[in-house]
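One line per chain: the protein sequences are X and W, in this order. By the count of the working numbering, the first sequence reaches residue 370 at its end, each step adding exactly one. By the count of the working numbering, the second sequence reaches residue 411 at its end, each step adding exactly one. Note that the Cβ used here is the ideal one computed from N, Cα and C, for glycine as well. Computed from a predicted model, the values in this text were never measured in an experiment. Presented below is the structure to which this report refers.
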Amino acid sequence: MAIEFKPSPSLPPPVNSVGAVAWVRQNLLSSPLNIFLTLFSFYILYLLVPPVIEWGLVGATFTGASKADCTGDGACWAFIGVYFEQFMYGLYPSEETWRINLALILLVLLLGTYAVKTVNKLYLSLVILVVYPVIAYFLFAGGVFGLEVVETSLWGGLFLTTLLGVVGIVASFPLGVLLALGRQSKMPIAKSVCIVFIETIRAVPLITILFMASVMIPLFLPEGMNFNKLLRVLIGITLFSAAYMAEVIRGGLQAIPKGQYEAADAMGLTYWQSMILVILPQALKLVIPGIVNTFIGLFKDTTLVYIVGMFDLLGRIQAATHDANWLGMTIEGYAFAGFIYWAACFGMSRYSMRIERKLETGHKRN
Amino acid sequence: MSDQNSSSIKNFLNDAGNRALIFQALLLAVVVFVGYYLFSNLQANLADQGISTGFEFLNQPAGFPVLIHLIEYTEANTYGRAFVVALINTVVISLLGIALATFIGVVMGLARLSNNWLVARLATVYVETLRNIPLLLQMFFWYFAVLATLPIPKNSIIFGDFFLNKRGVYSPNPIAQDGFGIVIAGFILSIIASIALIVWAKKRQTRTGLWFPAYWASFGTIIVITFLALVVSGFPIEFDLPQKSRFNVTGGMVLPPEFVAVLVALSTYTGAFIAEIVRAGILSVNWGQTEAARSLGLKDSLTQRLIVLPQALRVIIPPLTSQFLNLAKNSSLGAAIAYPELVAVVMGTTLNQTGQAIENIGLCMLVYGTLSLSISMFMNWYNKKMSLIER
């Protein structure tokens with residue numbers, strides 16, 4: 005008669021390795037140094053968080069029409085409310101701002117069409133890149149179909165920031181690809197032209213390029229021929245970020261194994277076919293983080309146009325804080341601008357992470 | 021006959037080498053033509069507008085003040101002198117910024133990897149906030165929202181001998197007295213001695229395997245010898261302390277608010293980028309390396325210093341170089357808050373007064389080009405020194 009083996013029931017896990025208490029012990033109090041760091045962090049939080057909440061929410065005034073309405077001892081968000089239209093559209097005439105909104109809605113609708121499966125994406129892209137900019141330009145500038153003409157010097161605020169950012173991004177990307185291909189090409193003259201261009205631009209700060217655009221370009225043009233300052237600044241920004249984009253893309257091109265180039269040649273593809281069908285899709289996928297970083301950098305750099313006398317979002321806020329009726333509103337203004345820029349840039353970086361995951365095909369070495 | 025002809029032309033055009041030649045010839049022609057066209061326009065425009073050319077203006081009196089100057093400068097000095105003053109301001113803020121940003125970056129990068137959950141989260145918040153807000157906005161914030169709202173000199177904030185008010189940060193200014201040469205000599209001597217000590221210790225370790233704490237020893241040597249020299253020469257340093265009078269603070273060393281704002285904004289902003297680079301560099305070292313070091317019996321501090329850091333540095337240095345370059349170039353944003361650096365003085369005031377856009381912008385681009393080149397040359401040298409020596 006065999007004795008039945010009866011294991012005793014397992015003991016519960018030790019209290020100090022599971023649950024909230026254990027988590028605190030492991031992550032906050034594991035050593036004397038850690039205890040000190042935790043206390044120090046709490047002290048910093050204590051110094052920062054309560055005053056910010058007190059200033060920004062509890063003691064803040066949210067509505068009002070003038071500085072006199074700000075009776076609380078905290079922030080005066082009424083300032084943002086009063087100037088909101090200027091921050092968004094600059095000095096664009098307020099009865100015409102619907103044109104900007106319409107262009108924005110149109111863009112969102114067009115981009116939304118990408119989600120519809122039956123639409124030909126190539127045609128859609130052509131519409132967005134060729135037809136839409138023309139429509140948007142005439143909407144913004146006016147002068148046709150009885151739309152009132154709005155000078156570009158009146159364009160400003162978040163509208164101008166977005167315009168500079170989007171046009172810069174869209175225009176600098178293909179230019180950057182061309183420059184990168186040129187730098188990698190075997191043709192000595194094409195290669196040196198690209199290298200000289202890229203390295204000259206990368207060696208100098210954006211401000212010098214913007215000064216060049218606003219001061220020097222008119223000197224290089226024939227008598228009587230001159231073009232709009234906004235356009236000049238746009239060209240400056242585009243060339244600047246194209247040079248950085250080219251270097252990022254070159255990194256991707258160099259990371260593609262030689263076999264891919266050779267295989268494309270062996271298939272009898274022409275140079276452009278092999279680049280567009282074989283090399284670039286792989287290379288661009290590799291450098292998505294770098295490309296998005298360049299975009300984010302470009303978006304942040306649009307603030308520099310304020311130095312050459314254009315009033316983008318930051319410029320309008322700077323102007324508003326110098327309004328004699330609203331003195332002392334600098335922190336409110338900067339907090340508002342900071343939040344918008346932060347949301348845009350942080351959003352872009354998160355979006356790039358998503359694309360990266362979506363395009364991941366499992367060839368990455370780990 | 022004509023058929024053959026057209027096919028030979030086709031062959032000629034389809035040959036990759038010929039195509040490359042034709043394309044490059046066209047490109048060269050376009051570049052030369054555009055260059056010539058712009059240049060001739062430029063000459064015509066300059067002649068029309070009566071703008072003089074050349075660099076003679078550098079010898080003419082500038083007639084404008086430069087608020088922050090580390091060398092002697094008055095309004096009677098030349099544009100050339102103003103240029104040098106601005107150049108020094110740019111270089112000083114860039115180098116100080118690089119040092120501070122590296123420090124902040126390393127601390128924040130390590131903090132993001134900390135075991136301590138709270139510290140890691142705080143560092144993440146710091147990095148993600150500062151990286152995603154434009155530098156110009158941050159500079160404005162420090163200058164207009166923080167430093168400009170400090171009290172007037174009469175109500176300065178006081179920490180011991182340090183004063184803080186609207187006009188800047190006042191601190192004691194050390195002034196060397198007679199006999200300070202002895203201290204400097206002692207200091208240099210001790211540095212030479214420490215280098216010799218480190219070289220000797222390394223050689224002995226290679227020969228015999230015996231280890232000697234050379235870095236601690238040389239640190240001690242420098243402190244002791246310098247202190248002895250101070251004692252021997254009778255403490256030849258006097259401090260010019262800032263004094264608070266009724267309405268003002270006088271004396272001492274003053275850091276003007278423009279300088280403080282640019283430095284703080286530049287170093288905290290670039291520090292956030294460097295933190296990410298440091299973190300990525302350390303994470304890039306395979307965990308197996310740490311495990312191997314532990315199984316060899318190295319303690320944690322030695323594992324970090326001898327195994328992880330040297331390998332991480334190889335990953336860190338190239339992107340770090342480009343951050344340093346960015347910082348030097350971004351110092352030009354100081355122009356927006358009237359810190360008298362190169363762009364503000366040369367491309368702002370000088371250009372406005374002389375009207376010579378080409379020369380002034382060219383001069384600026386040349387200086388930034390040289391500055392970028394020297395930083396990247398130095399970092400390339402350092403990179404080569406740290407890089408893996410492969411077969």
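Problem - For X:CYS349, three-class secondary structure by DSSP - result: helix
Problem - Three-pair Cβ contact test at 8 Å for the segment 107-121 of chain X versus the segment 68-88 of chain X - result: no
Exercise for the section: Could you confirm whether any beta carbon from chain W is found closer than 7 Å to the beta carbon of X:GLY78? Expected result: X:GLY78 does not count as touching chain W.
Practice task
Give the range of the alpha helix (DSSP H) segment to which W:ASN65 is assigned.
Solution key: Counting along the chain, the alpha helix (DSSP H) containing W:ASN65 begins and ends at 36-69.
Practice task
Check whether the Cβ atoms of W:VAL332 and W:VAL147 sit closer than 7 Å, and answer yes or no.
Solution key: Going by the sequence as given, residue 332 of chain W is Ala instead of Val. At least 7 Å separates the beta-carbon of W:ALA332 from that of W:VAL147.
Problem - Residue(s) in a DSSP beta bridge with X:THR65 - result: X:CYS80
Exercise for the section: Measure the CB-CB distance between W:SER287 and W:ILE242 and report whether it falls below 7 Å. Expected result: One thing to note: W:SER287 has its Cβ no nearer than 7 Å to the Cβ of W:ILE242.
Practice task
State buried or exposed for W:ALA414, treating a residue as buried only when at least 16 other CB atoms are found within 10 Å of its CB.
Solution key: Look at the range of chain W in this structure, 21 to 411, and you will see that residue 414 of chain W is not part of it.
Handout entry: From W:ASN268, W:PRO360, W:GLN309, residue whose alpha carbon lies closest to that of W:LEU326
Key = Looking at the Cα atoms, W:GLN309 is the closest of the given residues.
Handout entry: CB of X:VAL282 within 7 Å of CB of X:GLY255, strictly
Key = no
Practice task
Go to W:SER315, then tell me how far its alpha helix (DSSP H) extends in each direction, as first and last residue.
Solution key: DSSP places W:SER315 in the uninterrupted alpha helix (DSSP H) bounded by 307-315.
Problem - W:THR98, DSSP secondary structure in three states - result: strand
Handout entry: Residues near X:SER176 by beta carbon distance below 6 Å, same chain, minus five either side
Key = THR242, SER245, ALA246, MET249
Handout entry: Local conformation of X:GLY116 per DSSP, three classes
Key = helix
Practice task
Could you give the DSSP three-state label for W:PHE84: helix, strand or coil?
Solution key: coil
Handout entry: Limits of the unbroken beta strand (DSSP E) element including W:SER191
Key = 188-191
Exercise for the section: Could you check if X:ARG361 is buried or exposed, using at least 16 other CB atoms within 10 Å of its CB as the buried criterion? Expected result: exposed
Practice task
Identify whether W:GLN376 lies in helix, strand or coil by the three-state DSSP scheme.
Solution key: coil
Practice task
Compare the C-beta of X:ARG369 with all C-beta atoms of chain W and state if any pair is closer than 7 Å.
Solution key: Here the model assigns X:ARG369 a pLDDT of 43, short of 50, so the residue's position is not dependable, and the following value carries that caveat. Taking Cβ atoms only, chain W never reaches closer than 7 Å to X:ARG369, which makes this a no.
Handout entry: Beta-carbon gap between X:GLN277 and X:ILE260 smaller than 7 Å
Key = no
Handout entry: Proximal chain X residues relative to W:VAL51, where beta-carbon distance stays under 9 Å
Key = Listed along the chain, the chain X residues whose CB falls inside 9 Å of the CB of W:VAL51 are ILE193, VAL197.
Handout entry: Contact list for the segment 131-151 of chain W against chain X, Cβ threshold 8 Å
Key = Contact annotation: in the segment 131-151 of chain W, residues whose CB is within less than 8 Å of a CB in chain X are SER134, ASN135, ASN136, TRP137, LEU138, VAL139, LEU142, GLU148, THR149, ARG151.
Exercise for the section: Tell whether a beta-carbon distance below 7 Å holds between W:ILE202 and W:SER253. Expected result: yes
Exercise for the section: Express the C-alpha separation of X:PHE201 and W:LEU46 in angstroms, rounding to a whole number. Expected result: Spanning the two alpha carbons is a distance of roughly 18 Å.
Practice task
Ignore the nearest five residues each way along the sequence and tell me which others in X:LYS289's own chain have a CB closer than 6 Å to its CB.
Solution key: LEU363
Exercise for the section: May I ask which residues mark the beginning and end of the alpha helix (DSSP H) holding X:LEU32? Expected result: That residue, X:LEU32, is in no alpha helix (DSSP H); it is neither H nor E in DSSP.
Problem - Chain-ordered neighbours of X:LEU341 on chain W, where CB pairs are closer than 7 Å - result: The question names Leu, but residue 341 of chain X in the sequence shown is Ala. Chain order gives the chain W residues near X:ALA341 as LEU157, where near means a beta carbon separation below 7 Å.
Practice task
Using a Cβ cut-off of 7 Å (strictly closer), state whether W:ALA364 contacts chain X.
Solution key: no
Handout entry: Boundaries (first-last residue) of the alpha helix (DSSP H) holding W:ASN350
Key = 329-350
Handout entry: Reference X:PRO18, options X:LEU41, X:TRP27, X:SER12, X:SER157, closest by Cα
Key = X:TRP27
Problem - Selection from X:TRP102, X:ILE311, X:LEU43, X:ASN20 that minimises the alpha carbon distance to X:ALA217 - result: X:ILE311
Problem - Rounded distance between the beta-carbons of W:SER114 and W:SER351, thought under 8 Å - result: Yes, they are in contact, since the Cβ atoms of W:SER351 and W:SER114 sit about 5 Å apart, within 8 Å.
Practice task
Take X:ALA348 as the anchor and find which of X:VAL309, X:VAL252, X:LEU302, X:ASP327 has the nearest alpha-carbon.
Solution key: X:LEU302
Handout entry: Limits of the beta strand (DSSP E) - the one that W:SER185 falls within
Key = Here residue 185 of chain W is Asn; the residue named in the question, Ser, does not match the sequence. Annotation: the continuous beta strand (DSSP E) that includes W:ASN185 extends over 182-185.
Exercise for the section: Assign X:GLY94 to one of three DSSP states: helix, strand, or coil. Expected result: Three-state DSSP puts X:GLY94 in a strand.
Handout entry: Entirely enclosed alpha helix (DSSP H) segments - the segment 176-248 of chain X, minimum 4 residues
Key = Correct list: 192-207, 210-215, 221-224.
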